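Since the structure comes first, as structure tokens, the remarks are kept for the end.
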Amino acid sequence: MQSLALIENWPVPAAAAAVVRVDGTVVGSHGPTGRRFPLASVTKPLAAYAVLVAYEEGALELDEPAGPEGATVRHLLAHTSGLAFDEHRVMATPGTRRIYSNAGFEVLADHVAKATDIPFAEYLRQAVLEPLGMTATSLDGSAAKDAVSTVDDLVRFAAEVQAPRLLDPRTVLEAMTVTYPGVTGILPGYGHQKPNDWGLGFEIRGGKSPHWTGSSSSPRTFGHFGQSGTFLWVDPDAGAACAALTDRAFGPWAIEAWPRFTDAVLAELRGTGG
171 MQSLALIENW PVPAAAAAVV RVDGTVVGSH GPTGRRFPLA SVTKPLAAYA
221 VLVAYEEGAL ELDEPAGPEG ATVRHLLAHT SGLAFDEHRV MATPGTRRIY
271 SNAGFEVLAD HVAKATDIPF AEYLRQAVLE PLGMTATSLD GSAAKDAVST
321 VDDLVRFAAE VQAPRLLDPR TVLEAMTVTY PGVTGILPGY GHQKPNDWGL
371 GFEIRGGKSP HWTGSSSSPR TFGHFGQSGT FLWVDPDAGA ACAALTDRAF
421 GPWAIEAWPR FTDAVLAELR GTGG
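This note's numbering numbers the first residue of the sequence shown as 171 and each following residue consecutively.
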């Protein structure tokens with residue numbers, strides 16, 4: 171795909187990207203796709219998938235108590251537990267505000283570890299990484315932000331999310347469906363969004379503007395970006411997903427470059443560009 175070569179114009183020391191179709195076919199890649207990059211918050215979809223495996227295995231229920239009083243596993247996955255961004259401080263009643271929370275995912279990881287009697291990093295490896303052949307991916311720290319991976323591995327995960335084998339497709343559909351519709355909140359890097367739509371561990375584009383995906387991305391697009399200059403989106407209407415990893419922190423360069431890149435990728439997928 172010629173559109174992927176646009177990463178060469180990004181003001182970053184190194185970047186890699188790839189696109190994968192619903193059937194798992196990698197239709198294009200560019201850059202060092204086997205190089206390991208810190209994922210930052212792109213860690214969260216991987217962690218959420220492991221939580222959902224624990225749910226399907228019967229180790230926990232989505233609506234069981236977890237985190238602050240009144241909060242559940244579902245609240246934590248959907249960033250509506252009321253916990254602050256980076257500290258275990260309650261800022262709102264569960265379900266009332268979309269407060270993006272690293273602390274919430276750390277609480278989730280502890281909850282899964284207690285429920286399964288397996289350290290969360292090891293559970294993630296056994297439940298998600300190993301079955302998908304993601305041998306270059308590891309979690310060394312916070313379940314919110316400390317995974318390291320490659321584009322090649324993220325493509326395997328993106329293929330799984332589009333055509334699930336580890337989870338019941340109905341569970342994945344729920345994860346990519348808006349949880350607690352109408353809730354407002356701040357999307358890091360992009361300001362207040364009303365509504366600020368999220369599923370279970372995945373951000374949902376909806377009608378958000380501005381946004382890190384493209385102007386031609388469908389409202390059903392879901393995924394995540396990370397402060398290390400990384401992103402993964404899945405656009406069900408396009409029948410494809412895209413992962414891009416860099417070694418420069420997210421900032422104005424990404425806000426400018428990523429939407430244009432995504433629009434070029436989508437245009438080429440539709441056969442109308444590139």
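Note that the Cβ used here is the ideal one computed from N, Cα and C, for glycine as well.
Values in this document were obtained by computation on a predicted structure and should not be read as measured data.
For H281, does the count of other Cβ atoms within 10 angstroms reach 16, so buried, or fall short, so exposed? Mapped onto the sequence shown, residue 281 falls at position 111. That one is buried.
Going by DSSP, what residues sit across from Q363 in a beta bridge? Residue numbering aside, residue 363 sits at position 193 when the sequence shown is read from its first letter. In the DSSP output, where bridge partners are listed per residue, Q363 has G355.
In whole angstroms, what separates the C-alpha of L357 from that of P351? For this step, residue 357 is matched to residue 187 along the sequence shown. For this step, residue 351 is matched to residue 181 along the sequence shown. Taking the straight line joining both Cα atoms gives about 15 Å.
How long is the line joining the alpha carbons of G443 and M171, rounded to whole angstroms? Taking the first residue of the sequence shown as 1, we reach residue 443 at position 273. Taking the first residue of the sequence shown as 1, we reach residue 171 at position 1. Unreliable placement is indicated for G443, whose pLDDT of 44 sits below 50; the coordinate value is still reported in the next sentence. Going from the Cα of G443 to the Cα of M171 covers about 10 Å.
What residues in its chain sit with their C-beta under 8 Å from that of Y225, if we drop five residues either side in the sequence? Reading the sequence shown from its first residue, position 55 is the one you call residue 225. Here the set comprises E231, L232, V243 and T341.
Considering Cα atoms alone, identify which of A254, I177, F401 and L174 is closest to A328. Within the sequence shown, the letter at position 158 stands for residue 328. Checking every option, the nearest Cα to that of A328 belongs to F401.
Which residues mark the beginning and the end of the beta strand (DSSP E) in which R191 is found? Here residue 191 is taken as the residue at index 21 of the sequence shown, counted from 1. Unbroken beta strand (DSSP E) run through R191: A185 to R191.
Measure the C-alpha to C-alpha separation of V404 and S385 and round it to an integer number of angstroms. Working through the sequence shown from its first residue, we reach residue 404 at position 234. Working through the sequence shown from its first residue, we reach residue 385 at position 215. Each residue's Cα considered, the two are about 14 Å apart.
Integer-rounded CB distance, given that L176 should sit under 8 Å from A434: Position 264 of the sequence shown, counted from the first residue, corresponds to residue 434. Position 6 of the sequence shown, counted from the first residue, corresponds to residue 176. Contact holds; Cβ gap of about 6 Å.
Between which two residues does the beta strand (DSSP E) harbouring H281 extend? Mapped onto the sequence shown, residue 281 falls at position 111. First-last for H281: N272 to T286, but that is the alpha helix (DSSP H), not the beta strand (DSSP E).
Using only CA atoms, which one of I269, V223, L439 and F431 lies nearest to E178? In the sequence shown, counting from the first residue as 1, residue 178 sits at position 8. Closest option to E178, Cα to Cα, is F431.
S319, DSSP secondary structure in three states: Your numbering for residue 319 matches position 149 in the sequence shown. The answer is strand: DSSP assigns S319 an E or B state.
Once you ignore the five residues that flank P264 on each side, which residues in its own chain have a CB closer than 7 Å to its CB? Residue numbering aside, residue 264 sits at position 94 when the sequence shown is read from its first letter. Closer than 7 Å at the Cβ level, and outside the excluded window around P264, lie P238, G240, A241, H245, T250, S251 and G252.
Measure the CB-CB distance between G371 and A217 and report whether it falls below 8 Å. Counting from 1 along the sequence shown, the entry for residue 371 is found at position 201. Counting from 1 along the sequence shown, the entry for residue 217 is found at position 47. Yes, they are a contact pair.
Where T336 falls: helix, strand or coil (DSSP): Residue mapping note: residue 336 aligns to position 166 of the sequence shown, counting from 1. Reading off the sequence shown, one finds Leu at residue 336, where the question assumed Thr. The answer is coil: DSSP assigns L336 none of H, G, I, E or B.
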